[in-house]
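Taken in order, the sequence shown gives residues 1 to 277; the numbers are from the UniProt record's numbering.
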Amino acid sequence: MEVIVLEEKDKSELIIEDPTVEQTKLRRRAIVGQIILGVLLIVFWELSSRIGWLDSYYWSSPSTIVRTGWKAIVQGNLLQDLAYTSGSTILGFILGTAAGYLLGLTFWWSDLYSRIFEPYLIAFNAVPKLALAPVLVIMFGIGFDSKVVLAFLMTIIVAAIAAYSGVENVDKDLEKMLVSLGAKRRHVFMKVVVPTTLPWIVSILKINISLALAGTIVGEFISSRQGIGRMILYAGQVLDIDLVWVGVVVLSILSIVMYLGTVWLEHVLMKGRTPKP
Numbered sequence: 001m002e003v004i005v006l007e008e009k010d011k012s013e014l015i016i017e018d019p020t021v022e023q024t025k026l027r028r029r030a031i032v033g034q035i036i037l038g039v040l041l042i043v044f045w046e047l048s049s050r051i052g053w054l055d056s057y058y059w060s061s062p063s064t065i066v067r068t069g070w071k072a073i074v075q076g077n078l079l080q081d082l083a084y085t086s087g088s089t090i091l092g093f094i095l096g097t098a099a100g101y102l103l104g105l106t107f108w109w110s111d112l113y114s115r116i117f118e119p120y121l122i123a124f125n126a127v128p129k130l131a132l133a134p135v136l137v138i139m140f141g142i143g144f145d146s147k148v149v150l151a152f153l154m155t156i157i158v159a160a161i162a163a164y165s166g167v168e169n170v171d172k173d174l175e176k177m178l179v180s181l182g183a184k185r186r187h188v189f190m191k192v193v194v195p196t197t198l199p200w201i202v203s204i205l206k207i208n209i210s211l212a213l214a215g216t217i218v219g220e221f222i223s224s225r226q227g228i229g230r231m232i233l234y235a236g237q238v239l240d241i242d243l244v245w246v247g248v249v250v251l252s253i254l255s256i257v258m259y260l261g262t263v264w265l266e267h268v269l270m271k272g273r274t275p276k277p
């Protein structure tokens, strides 16, 4: 009987020490904790508005936001605005990240080329792209294109710098060995450089999706026919604070969904690979 107890104890200890099981339990507890915290914040917000701790005119309340949001869906253009903002953000994110990755990879092909263009890459990264938003809106119009361009510019340099950092960390000895064995530069590029730099570009996906959304919203604030940013700006002009909060909540939910999308994409791209050094 004692042997059985010891065996059961040993098994339980093995399960507890299993890193995979521990990580799974930790993720589940974290999700439960996040849900509980979110519910508590919403309840506190609602109660505070009802009993007067918060001014309901400025801070609204969750129940009022839900009613206003439903009205905006049924009688307004909330879903169309959401689709407009989401589409321009995602398209700008994809184009900017892909173009930046390809741009960063070009620095591997020539040391002279990289030395010439590196300072300009750093300088352009320091330029506040959002300050150029009025000019870009005038150049590309108040429609969909200008929002995509803003999201593109917000992401391309970040992706290029990440890819360039990956290029600088490529194993030079491995390159020399492959060349000595008869491999051509394009083979070294595809088999060594691209796999080495991929974790670097994957690591900035979460940052880039946030930057793309910020660029889109700023473009809609400046001038737009559609979008959540335009809806928020209009609601502020007519002093419809409840509708402003609807826009803020919708943007928050949208940013969470996009963040989770990049997490899924990161998992797909990095499946079976080692993490970034």
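Just so you know, even glycine gets a beta-carbon here, dropped at the ideal spot from N, CA and C.
Report yes if the CB atom of residue i is closer than 8 Å to the CB atom of residue j, and no otherwise.
{"i": "Ala-151", "j": "Ala-212", "result": "yes"}
{"i": "Gly-76", "j": "Ala-159", "result": "no"}
{"i": "Trp-264", "j": "Val-167", "result": "no"}
{"i": "Ser-61", "j": "Glu-46", "result": "yes"}
{"i": "Gln-226", "j": "Tyr-84", "result": "yes"}
{"i": "Ile-209", "j": "Thr-262", "result": "yes"}
{"i": "Ser-63", "j": "Leu-54", "result": "no"}
{"i": "residue 278", "j": "Ser-86", "result": "There is no way to answer for residue 278, as the model of the chain reaches only from 1 to 277."}
{"i": "Val-192", "j": "Leu-178", "result": "yes"}
{"i": "Gly-92", "j": "Thr-155", "result": "yes"}
{"i": "Leu-121", "j": "Ile-161", "result": "yes"}
So, is residue i buried or exposed, given that buried needs 16 or more other C-beta atoms within 10 angstroms?
{"i": "Lys-129", "result": "buried"}
{"i": "Ile-201", "result": "buried"}
{"i": "Leu-153", "result": "buried"}
{"i": "Ile-252", "result": "Note on residue identity: the sequence assigns Ser, not Ile, to residue 252. Exposed, since its Cβ has fewer than 16 Cβ neighbours within 10 Å."}
{"i": "Leu-136", "result": "buried"}
{"i": "Glu-118", "result": "exposed"}
{"i": "Phe-44", "result": "exposed"}
{"i": "Leu-205", "result": "buried"}
{"i": "Gly-33", "result": "exposed"}
{"i": "Tyr-101", "result": "buried"}
Restricting to Cα atoms, I'd like to know which of the options is closest to residue i.
{"i": "Val-194", "options": "Ile-138, Arg-225, Ser-165", "result": "Ser-165"}
{"i": "Gly-96", "options": "Thr-85, Gly-52, Thr-24, Val-148", "result": "Val-148"}
{"i": "Glu-266", "options": "Ala-98, Thr-89, Ile-161, Pro-199", "result": "Pro-199"}
{"i": "Ile-241", "options": "Ala-131, Tyr-259, Ser-56", "result": "Ser-56"}
{"i": "residue 285", "options": "Gly-38, Gln-23, Thr-197", "result": "Nothing can be reported for residue 285: it is not among the residues displayed for the chain, which extend from 1 to 277."}
{"i": "Gly-215", "options": "Asn-169, Ile-90, Lys-184, Leu-239", "result": "Ile-90"}
Ignore the nearest five residues each way along the sequence and tell me which others in residue i's own chain have a CB closer than 6 Å to its CB.
{"i": "Ser-224", "result": "Ile-142, Arg-230"}
{"i": "Leu-37", "result": "none"}
{"i": "Ser-114", "result": "Phe-107"}
{"i": "Lys-176", "result": "none"}
Starting from the C-beta of residue i, find all residues in its chain whose C-beta is less than 8 Å away, skip the five residues before and the five after it, and write them out in chain order.
{"i": "Val-250", "result": "Gly-69, Leu-78, Leu-82, Ile-228"}
{"i": "Ala-30", "result": "none"}
By Cβ distance below 7 Å, which residues in the same chain neighbour residue i in space, the five residues on each side in sequence not counted?
{"i": "Phe-124", "result": "Ile-157"}
{"i": "Ala-72", "result": "Leu-78, Leu-243, Val-246"}
{"i": "Ala-133", "result": "Leu-150, Val-218, Gly-219, Ile-222"}
{"i": "Ala-99", "result": "Ile-156"}
Which complete alpha helix (DSSP H) runs does the segment 116-173 hold, if anything under 4 residues is left out?
133-140, 144-168
In chain order, what are the residue ranges of uninterrupted alpha helix (DSSP H) at least 4 long that sit wholly in the segment 21-88?
56-59, 62-74
Can you give, in chain order, each stretch of the alpha helix (DSSP H) that sits fully within the segment 201-257 and has at least 4 residues?
205-222, 228-237
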